[in-house]
């Protein structure tokens, strides 16, 4: 009798675990989503000759929170344009010095693509975690 009972418990546990695994595997319509990384907001991934667009990171300065290659900016579009310009300059330098199998005109085309990506970027701000005020501890991102 005890063996039958153990077998029944094992069978029920297996069924419940299978259902839970299916739910956790993403079969939900409203699945879990990761937090925004916030470390690099650069939307453009093109890299002609291996030259990538500079990272757009958080400078830590609330007045000029966007940083590109050590320079800070007050807004995302300005920072992203600088990143595209820096990529174009590095690409053109590589083309002019014979380090790549491409022409400077292709760097110009890539720069246009980089700047077009700015207007379609989905992440243009850094999350600021507010953890508490004088009365409460908060557990949310603003």
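Numbering (mature numbering (1 follows the signal peptide of the UniProt record, and there is no 0)), first residue to last: -17 to -1, 1 to 125.
For glycine and all other residues, C-beta sits at the position ideal for the given N, C-alpha and C.
Residue i to residue j, Cα distance in whole Å?
i: residue 15; j: residue 106; result: For residue 15, the predicted structure reports a pLDDT of 47, less than 50, and the residue's modelled location is therefore unreliable. The matter cannot be settled from this model.
i: residue 56; j: residue 81; result: 33 Å
i: residue 32; j: residue 83; result: 6 Å
i: residue 72; j: residue 110; result: 31 Å
i: residue 22; j: residue 45; result: 16 Å
i: residue 74; j: residue 26; result: 18 Å
i: residue 79; j: residue 87; result: 7 Å
i: residue 37; j: residue 70; result: 7 Å
i: residue 24; j: residue 66; result: 11 Å
Counting along the chain, where does the beta strand (DSSP E) carrying residue i start and finish?
i: residue 35; result: Where residue 35 is concerned, there is no enclosing beta strand (DSSP E), given that its DSSP letter is neither H nor E.
i: residue 27; result: It is not in any beta strand (DSSP E) - residue 27 carries neither H nor E in the DSSP assignment.
i: residue 49; result: 49 to 51
How far does the alpha helix (DSSP H) with residue i in it reach, from first residue to last?
i: residue 55; result: No alpha helix (DSSP H) contains residue 55, which is instead part of the beta strand (DSSP E) from 54 to 56.
i: residue 59; result: 59 to 79
i: residue 92; result: 87 to 102
Looking at chain B, is there any beta carbon in it that lies within less than 9 Å of the beta carbon of residue i?
i: residue 84; result: This model lacks chain B altogether; it includes just one protein chain.
Given a threshold of 16 other Cβ atoms within 10 Å of its Cβ, counted over all protein chains shown, does residue i qualify as buried or as exposed?
i: residue 102; result: exposed
i: residue 96; result: exposed
i: residue 39; result: buried
i: residue 50; result: buried
i: residue 99; result: exposed
Quick one: what's residue i bridged to in DSSP?
i: residue 41; result: 49
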